[in-house]
Amino acid sequence: MNKKFKSFVACMLAILTLGLVMAPAVSAAESKYENDLPIVYVKGAGREIYTADGKQIMPFVVEPEDQIMEESDRLLAAFASSMLSKNWDTFCDELVEVMSEVYKDAVLDENGEASDGSHIKPNAKPKKKTANYYLSDYMFNYDSRLDPWEVAPELDAYIDQVLKATGKSKVQIVSRCLGSNYAAAYLTRYGAKKVETCVFYVPSTKGTVVCSESFSGKFRFDADLINDYVNNYMGESDENMIGLIQSIVSVTHSMSLLHSGTDLVKSVYDQISANVVPRLLLASYATMPAYWSMVDDDNFEEAKRLIFGENAAKYAGLIKKIDNYHYNVMNNLDVTLKNLKKQGMKVAVIAKYNVALPPIFESSSKQADGTIELYNLSFGATSADMGKTLTRAYLEEVKLTGSSKYISPDLIIDASTCLFPDYTWFVKDSPHEDFATSINKIIYEVIKSKKQVTVNTSEEYPQFLQYKTNNTLTEVEKPKANGNTGNEGSFLETIMGMFGKILAFFKSLLGIFGI
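Counting along the sequence shown from 1, when you hit position 514 you're at 513 in numbering that gives the first Met the number 0, and nothing is skipped either side.
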């Protein structure tokens with residue numbers, strides 16, 4: 000299956016799978032550091048997890064959406080039966096049963112623990128090394144289902160092993176995505192006595208839309224949003240399958256058929272959500288404290304009520320864990336990091352933007368990197384929604400405060416509202432799951448210096464950067480002049496636009512069959 004098309008299908012199945020596997024792969028930069036301290040890399044989710052008898056259960060050997068698709072006949076039959084009877088219990092029960100089968104080896108118990116013996120392989124003993132440290136040297140591996148607070152002692156012990164192997168007194172932590180939550184728990188619990196620098200690379204420490212709004216049941220079925228996503232953010236239209244999807248969506252949207260489809264889906268969802276969402280989540284990710292660590296403060300208590308409901312007593316052990324992380328780590332993290340910064344720890348944040356979230360959540364229009372919204376990625380940057388720029392009134396107000404230097408050249412971001420505006424970089428057009436070596440160079444720029452690097456330290460790495468397809472970074476471009484003629488929305492333009500979409504549809508269809 001075409002890679003981009005498969006990604007699109009996976010997004011549409013997010014309501015079923017809630018997949019969030021982020022397996023990093025980084026390469027070393029060829030440079031000698033001024034500040035030559037070992038780097039402990041706390042990567043995102045993706046470390047192999049095995050059953051007690053050695054079977055790999057995560058990441059999935061066969062993707063969850065593919066396993067669910069294998070049961071499509073069974074699910075469609077249950078759906079048709081429920082549609083006819085107006086009783087959705089049949090469909091809900093079948094859906095939960097399929098989901099339970101897919102995730103049966105990965106779920107944790109009611110205390111959020113792997114009581115069945117599932118595990119990761121132990122971290123390799125750190126090798127002896129005294130100079131030229133790279134991200135790949137000391138990677139801390141962890142079970143990405145478990146409570147970050149309870150894993151923190153493991154990270155502390157690993158740091159001690161690295162210090163012993165290298166003969167150094169401190170390490171530099173580089174944390175990515177979910178790994179940032181584990182780094183945050185470590186810093187909250189142990190401070191920075193052993194840490195010189197902490198880099199938060201596309202962090203999920205403040206939560207993600209995918210987890211926050213899935214766990215609170217805030218799915219959105221909006222034809223305009225789907226049309227915008229498919230045509231502007233899904234892929235290049237010269238690939239036949241992508242072009243076909245774009246044409247189908249465009250034509251159906253123009254004829255208001257897409258609205259009818261989304262209205263039907265919304266109607267069904269409204270009828271089954273209270274029954275099926277908690278059961279689906281407890282059959283999969285809601286048993287895992289790590290995924291609760293990515294539920295933001297706006298949705299946390301609502302998500303707990305939805306998922307646990309009358310079963311709160313049964314899941315008391317799990318709830319205690321997720322409450323501790325949420326209220327003692329996440330909600331206090333700004334204060335924790337500011338205090339550690341005052342005590343001498345260097346810090347840097349690297350965020351990405353201009354890649355749309357899947358168009359199925361209430362907050363899907365927010366500026367994001369395709370997985371996490373920019374506000375949380377950057378610890379508080381203000382931004383316009385996807386496809387828009389900050390308003391003229393807002394820009395004038397910022398100008399009066401003297402903070403215009405923090406406005407991105409494309410007028411999308413105001414970095415002045417970040418927790419660390421001078422230590423936060425933004426990379427445009429690089430999806431969350433991409434591991435560009437050019438971005439790694441920013442990390443090395445930060446950690447090789449004996450002093451705190453700022454967004455003004457290097458002309459090569461200004462605050463706002465744009466990722467190019469040849470794996471290079473350039474300064475973000477200014478917006479092009481507005482070329483509107485004032486004729487948008489005319490009857491003739493509407494007819495010609497629809498005609499063009501129909502032609503594009505048939506062109507893509509013919510291309511798939513090689514005609």
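Even for Gly, the Cβ is constructed at its ideal location relative to N, Cα and C. Since the model is a prediction, treat every value here as computed from it, not as a measurement.
Going by DSSP, name the residue or residues bridged to residue i.
i    : result
W87  : DSSP, once it has assigned bridges, lists no residue as partnering W87.
I349 : Y200 and W424
E372 : A367
F218 : F360
Y326 : Per DSSP, none; premise fails for Y326.
V41  : F139 and S174
V354 : D368
Y49  : Q55 and H118
I406 : D413
If you reduce the DSSP assignment to three classes, tell me which class residue i lands in.
i    : result
E361 : coil
S292 : coil
V95  : helix
E212 : helix
S382 : strand
K467 : strand
E64  : helix
Y314 : coil
I271 : helix
T473 : strand
V276 : helix
F59  : coil
I411 : coil
Y101 : Looking at the sequence shown, residue 101 is not Tyr but Val. Reduced to three states, the DSSP call for V101 is helix.
G488 : Any answer about G488 is weak, because its pLDDT of 46 lies below 50 and its placement is not dependable; what the coordinates show is given next. Looking at G488 - three-state DSSP - the assignment turns out to be coil, as it is neither helix nor strand.
E195 : strand
Y393 : helix
S457 : coil
F299 : helix
D108 : coil
L36  : coil
T436 : helix
D335 : With the sequence shown as reference, residue 335 is identified as Thr, and Asp is not the correct amino acid for it. Note: T335 maps to helix in three-state DSSP.
M287 : coil
G343 : coil
Taking all protein chains shown into account, decide if residue i is buried (16 or more other Cβ within 10 angstroms of its Cβ) or exposed.
i    : result
Y326 : exposed
V348 : buried
K398 : exposed
N131 : exposed
N439 : buried
K120 : exposed
D541 : The question about residue 541 has no answer, for the chain in this structure spans 0 to 514.
P152 : exposed
K345 : buried
M68  : exposed
Q465 : buried
Q462 : buried
Q366 : buried
L75  : exposed
Y478 : Residue identity check: residue 478 is Pro in the sequence provided, not Tyr. Exposed is the call here.
G216 : buried
S377 : buried
R46  : buried
V328 : buried
E458 : exposed
G316 : exposed
S71  : exposed
Would you mind listing the beta strand (DSSP E) stretches within the region 117-192 that are 3+ residues and don't spill past its ends, in chain order? Unbroken beta strand (DSSP E) runs of no fewer than 3 residues, entirely contained in the region 117-192, are found at 137-139 and 170-175, following chain order.
Counting Cβ pairs, one atom from each stretch, are 3 or more of them under 8 Å apart for the region 306-326 and the region 130-144? No, the region 306-326 is not in contact with the region 130-144.
State whether the region 198-213 contacts the region 356-375, with contact taken as three or more CB pairs (one from each stretch) at a distance under 8 Å. Yes, the region 198-213 touches the region 356-375.
Determine contact between the region 278-288 and the region 99-108, defined as no fewer than three beta-carbon pairs at a distance below 8 Å. Contact between the region 278-288 and the region 99-108 is present, with at least three C-beta pairs closer than 8 Å.
Would you call the region 292-307 in contact with the region 75-84, where contact means no fewer than 3 C-beta pairs closer than 8 Å? The region 75-84 and the region 292-307 do not touch, with fewer than three beta-carbon pairs separated by less than 8 Å.
Any chance the region 350-358 sits against the region 179-191, with 3 or more Cβ pairs inside 8 Å? Result no; under three Cβ-Cβ pairs closer than 8 Å.
Could you tell me whether the region 434-443 touches the region 388-398, using the rule of 3 or more Cβ pairs below 8 Å? Here the region 434-443 makes no contact with the region 388-398; the two share fewer than three CB pairs at distances below 8 Å.
Three Cβ pairs or more, each shorter than 8 Å: is that satisfied between the region 270-277 and the region 164-180? No, the region 270-277 does not touch the region 164-180.
Is the region 378-392 touching the region 400-419 in the sense that three or more CB pairs, one from each, lie closer than 8 Å? Touching, yes, given that three or more Cβ pairs across the two stretches are closer than 8 Å.
The region 52-70 touching the region 459-477, judged by at least three CB pairs closer than 8 Å: Too few Cβ pairs lie closer than 8 Å, so no.
Do the region 332-342 and the region 166-174 make contact, defined as three or more Cβ pairs closer than 8 Å? With a cut-off of 8 Å, the region 166-174 and the region 332-342 do not count as touching, because too few Cβ pairs lie within range.
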